[in-house]
Amino acid sequence: MRFGYKLASEGFGPKEIIRQAIRAEEVGFDFVEMSDHFHPWLDVQGHSSFTWTVFGAIAARTERVGLVTGVTCPTVRYHPAIIAQAAATLAIVSDGRFTLGVGAGERLNEHVVGQGFPSVRGRHERLREALEIIRLLWRGGYQSYEGKHLHLEDARVFDLPDQPPVIAVAASGPASVAIAAELGDGLFATEPKPDLVQAYRRGGGDGPRYAEVPMAWAPDEQQAVQAAWQTSRWAVTGWKVMSELPNPVNFEAASRTVTEDDIRQQFAIGPDPDVHVAAVRTYAEAGFDHLVLQNAGPDPDGFLDFYRDTLADRLRALG
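Positions 1 to 319 (the UniProt record's numbering) are the ones given, in order, by the sequence shown.
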């Protein structure tokens with residue numbers, strides 16, 4: 001079992017994100033994970049720096065901690081050739097510590113380049129083609145590709161690592177799980193659903209299984225609830241909403257009726273370690289073995305200290 005710290009790039013500026021990553025390594029996390037967004041979910045979050053630049057700086061200022069994109073969409077805002085090159089470079093400068101998490105994307109980030117946002121089926125078709133292109137380029141040499149949606153013309157990634165990065169594919173249902181098992185090296189999920197892991201394994205997948213565990217730590221439980229409601233109530237809306245809305249103002253409207261009780265149901269809240277251990281156990285029992293602690297509380301350093309002093313040993317005892 002390995003444990004990661006979620007870098008909330010929508011909630012903090014890039015220099016603060018780098019600082020938190022360094023601290024995450026110091027307190028004993030195995031890896032850090034960061035989303036790859038163009039917009040934050042809500043305007044109140046106030047940030048959304050360029051993940052690849054920030055990860056390069058983190059790689060240069062850390063020695064041990066792994067780096068994971070959670071997740072990049074390699075099909076609309078980016079062409080997969082760019083992601084193949086970026087991931088290869090980051091794998092080199094991090095000395096092999098980088099894992100490429102990929103997914104089919106959200107309209108929130110992908111619509112900005114003015115090419116529209118595909119249907120669910122179209123997203124999955126594009127994701128398949130993107131993974132084929134990335135794998136092709138990582139073989140070395142000049143490569144071309146003619147797909148239904150994506151194309152590659154006489155392209156070569158010159159700087160390749162000795163071992164290509166692990167690719168973990170985000171999945172929420174049968175179609176995306178099949179892509180993860182067939183074309184990925186690992187699975188990425190946000191809910192503790194045993195059927196996702198079981199389907200991944202039935203499809204031949206045997207790699208790492210990542211999942212994000214929503215938490216909100218604070219010395220006072222109500223303070224934790226209020227902080228999570230203010231910045232992270234969008235997470236309660238569900239994937240069908242999260243994937244389709246175009247801008248933070250839309251998430252503001254969609255989450256207007258979310259209550260503090262809704263937050264309490266979805267997040268591990270407050271200072272009691274038993275609450276947080278129980279939340280992590282749910283994901284571990286569902287079959288996930290790379291668990292990302294996603295703190296929506298108001299004090300990142302307090303949470304990092306809480307992990308080091310109280311949580312780490314208890315979590316590692318889970319397996």
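Glycine included, C-beta positions come from ideal geometry on N, C-alpha and C.
Checklist entry - Does the stretch 61 to 80 come within contact of the stretch 111 to 131, defined as at least 3 CB pairs closer than 8 Å? => result yes
Checklist entry - Closest by CA to A168, which one among A296, A21, P208, Y200? => result The sequence position of residue 168 within the sequence shown is 168, counting from 1. A168 has its Cα closest to that of P208, out of A296, A21, P208, Y200.
Next on the checklist: Using 8 Å as the cut-off, can you tell me whether the stretch 148 to 166 makes contact with the stretch 244 to 252, which would need three or more C-beta pairs spanning the two stretches below that distance?
Outcome noted: no
Checklist entry - Would a C-beta distance cut-off of 9 Å place V112 and H39 closer than the cut-off? => result Residue numbering aside, residue 112 sits at position 112 when the sequence shown is read from its first letter. Residue numbering aside, residue 39 sits at position 39 when the sequence shown is read from its first letter. Yes, Cβ-Cβ distance for V112 and H39 is below 9 Å.
Checklist entry - Taking one C-beta from the stretch 89 to 101 and one from the stretch 49 to 68 each time, how about it: are there three or more such pairs within less than 8 Å? => result yes
Checklist entry - From what residue to what residue does the alpha helix (DSSP H) around N250 run? => result Counted from its first residue, the sequence shown places residue 250 at position 250. Unbroken alpha helix (DSSP H) run through N250: 248 to 254.
Checklist entry - Got a sec? Which residues, its chain only, sit under 7 Å from H124 by beta carbon, not counting five neighbours each side? => result Numbered from 1 along the sequence shown, position 124 holds the residue referred to as residue 124. Same-chain partners within the cutoff: A104, A175, S176, I179.
Checklist entry - By Cβ distance, which residues of its chain are closer than 6 Å to F117, with the 5 residues on each side in sequence left out? => result Residue 117 sits at position 117 when you count from the first residue of the sequence shown. R107, E110, H111.
Checklist entry - Leaving out five residues before and five after R61 in sequence, what residues of the same chain have Cβ atoms less than 7 Å from its Cβ? => result Taking the first residue of the sequence shown as position 1, residue 61 is located at position 61. Here R61 has I18, I22 as same chain residues with Cβ atoms under 7 Å from its own Cβ, once five neighbours each way along the sequence are excluded.
Next on the checklist: Is Q226 close to the ligand ADP? I mean its beta-carbon at under 8 Å from any heavy atom of the ligand.
Outcome noted: The ligand ADP is absent from the structure shown, which contains no ligand whatsoever.
Item to check | Euclidean distance between Cα positions of D274 and D305 | outcome: Residue mapping note: residue 274 aligns to position 274 of the sequence shown, counting from 1. Residue mapping note: residue 305 aligns to position 305 of the sequence shown, counting from 1. Cα to Cα, the separation comes out at about 16 Å.
Next on the checklist: Just checking: is the beta-carbon of I179 within a distance shorter than 9 Å of some beta-carbon in chain B?
Outcome noted: Absent here is chain B; the protein component of the structure consists of one chain.
Checklist entry - Out of curiosity, what's the CA-to-CA distance linking I269 and F98? => result Translated into the one-based positions of the sequence shown, residue 269 becomes position 269. Translated into the one-based positions of the sequence shown, residue 98 becomes position 98. The alpha-carbon atoms of I269 and F98 are separated by roughly 30 Å.
Next on the checklist: Count Cβ pairs between the stretch 310 to 319 and the stretch 4 to 17 that sit closer than 8 Å; are there 3 or more?
Outcome noted: no
Item to check | Alpha-carbon to alpha-carbon, A170 and I82 | outcome: As a working note, residue 82 is residue 82 in the sequence shown. As a working note, residue 170 is residue 170 in the sequence shown. In a straight line, the C-alpha of I82 is about 19 Å away from that of A170.
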